[in-house]
Amino acid sequence: MKYKSVDEIETLSFRDATLIRCIYSEKQGILEFEFDGAVVREDNSANELYTDRYASDMQVRFTEPEIEALLLEGHKYYDANDVLQESVPDKPVDRADYEDVLKSFEGKVVFYSGQPKEMLKSSENADRKCYQMIIDVDEESYVLSFYYDKVIAQWEHFMNKVMN
Numbered sequence: 001m002k003y004k005s006v007d008e009i010e011t012l013s014f015r016d017a018t019l020i021r022c023i024y025s026e027k028q029g030i031l032e033f034e035f036d037g038a039v040v041r042e043d044n045s046a047n048e049l050y051t052d053r054y055a056s057d058m059q060v061r062f063t064e065p066e067i068e069a070l071l072l073e074g075h076k077y078y079d080a081n082d083v084l085q086e087s088v089p090d091k092p093v094d095r096a097d098y099e100d101v102l103k104s105f106e107g108k109v110v111f112y113s114g115q116p117k118e119m120l121k122s123s124e125n126a127d128r129k130c131y132q133m134i135i136d137v138d139e140e141s142y143v144l145s146f147y148y149d150k151v152i153a154q155w156e157h158f159m160n161k162v163m164n
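Residues in the sequence shown are numbered consecutively from 1, following UniProt numbering.
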């Protein structure tokens, strides 16, 4: 790949990007995504034009990932009078199903990506970085939160500037 960005995840945006490929292996310590429509922000070291730009087929690899939570996002239904009709809580995904659920993200759109607002720090992950993504899959949304040591993003070329 022509461009490479190491540990600059805050200078990339995956919101509304399509997740083309998702590979997770707990044994190998790999969590890798391929995005179409990712945005390289103006403050990224590889972006020489200093304006937000799209990148095609961006590969993002998180090393030594530790999935903190993979949740099927809950929801609340209200009637027209704003009266709560039904409340469904978040449902944790069983660890054995992680790979299958992550595979179901392929071809879907990222709703949110970034550092979570509330980060729980324990002694075992105090030095690690945390990242969170919300992916819409058909009628459902999943929340993926994980810790990692290093993130490497690579892409071949820039596309158009982002129009705000």
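Just so it is clear, CB atoms sit at the ideal spot from N, CA and C, and this is done for glycine as well.
Asked                                                                                                                                                                                           : Found
State the Cα-Cα distance for the pair residue 129 and residue 41, rounded to the nearest angstrom.                                                                                              : 20 Å
In chain order, which beta strand (DSSP E) runs of at least 3 residues are fully inside the segment 1-81?                                                                                       : 3-6, 18-25, 30-36, 38-40, 53-55, 58-63, 66-72 and 75-78
What are the start and end residues of the alpha helix (DSSP H) that includes residue 103?                                                                                                      : 98-103
Considering only DSSP beta bridges, list what residue 132 is partnered with.                                                                                                                    : 114 and 145
So residue 18 and residue 107 are in contact, right, with Cβ under 8 Å, and what is the actual spacing, rounded?                                                                                : 7 Å
Excluding the 5 residues preceding and the 5 following residue 140 in the sequence, name in chain order all residues of the same chain whose CB lies nearer than 8 Å to its CB.                 : 72 and 73
I think residue 46 touches residue 13, with their Cβ atoms under 8 Å apart; what is that distance to the nearest whole Å?                                                                       : Between residue 13 and residue 46 the Cβ distance is about 14 Å, and since that is not below 8 Å, they are no contact.
Identify, in the order they occur along the chain, each residue of the same chain with its Cβ nearer than 6 Å to the Cβ of residue 67, setting aside the five sequence neighbours on each side. : 146
When burial is assigned at 16 or more other CB atoms within 10 Å of the CB, is residue 151 buried or exposed?                                                                                   : buried
Name the one or two DSSP bridge partners that residue 92 has.                                                                                                                                   : 71
Measuring straight from C-alpha to C-alpha, what distance separates residue 49 and residue 11?                                                                                                  : 14 Å
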